[in-house]
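Numbering (the numbering used here), first residue to last: 135 to 223.
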């Protein structure tokens, strides 16, 4: 699995983000990873990582957020597996 972490600029955007990304259930799964910091975890498969990133990038025009590394520190978004471990190439 590929994992992206995003940090929302505004707490009120979380409900909107969850609602929009919920319609992309065939591409990704979404969960709020660190509610206090508004960090959201987006999980997808390696085969769909590029398409998932495109959807997220398109949403940046509507919802303000930034891609961040894992809350535990470490790798860039999309370079982690389902458990937060670095994916092997």
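Backbone N, C-alpha and C fix where the C-beta goes; we use that ideal spot for every residue, glycine too.
It should be emphasised that the depicted structure is a prediction, and the values quoted were computed from it without experimental measurement.
Under 9 Å between C-beta atoms of residue i and residue j
| i | j | result |
| --- | --- | --- |
| residue 204 | residue 137 | yes |
| residue 163 | residue 154 | no |
| residue 174 | residue 152 | yes |
Expected contact under 8 Å - CB spacing of residue i and residue j to nearest Å
| i | j | result |
| --- | --- | --- |
| residue 141 | residue 202 | 5 Å |
| residue 161 | residue 200 | 20 Å between Cβ atoms; not a contact. |
| residue 166 | residue 135 | Actually they are not in contact, since the Cβ atoms of residue 166 and residue 135 sit about 18 Å apart, beyond 8 Å. |
| residue 143 | residue 191 | That belief does not hold up - the Cβ atoms of residue 143 and residue 191 are roughly 16 Å apart, past 8 Å. |
Any non-hydrogen atom of the ligand NAP closer than 8 Å to residue i Cβ
| i | result |
| --- | --- |
| residue 168 | The ligand NAP is not part of the structure shown, which contains no ligands of any sort. |
Where residue i sits in the DSSP three-state scheme
| i | result |
| --- | --- |
| residue 222 | Low local confidence applies: a pLDDT of 46 at residue 222 is under 50, so the model's placement there is unreliable, with the coordinate-based value given in what follows. Correct three-state label for residue 222: coil. |
| residue 197 | coil |
| residue 161 | coil |
| residue 147 | helix |
| residue 204 | coil |
| residue 166 | strand |
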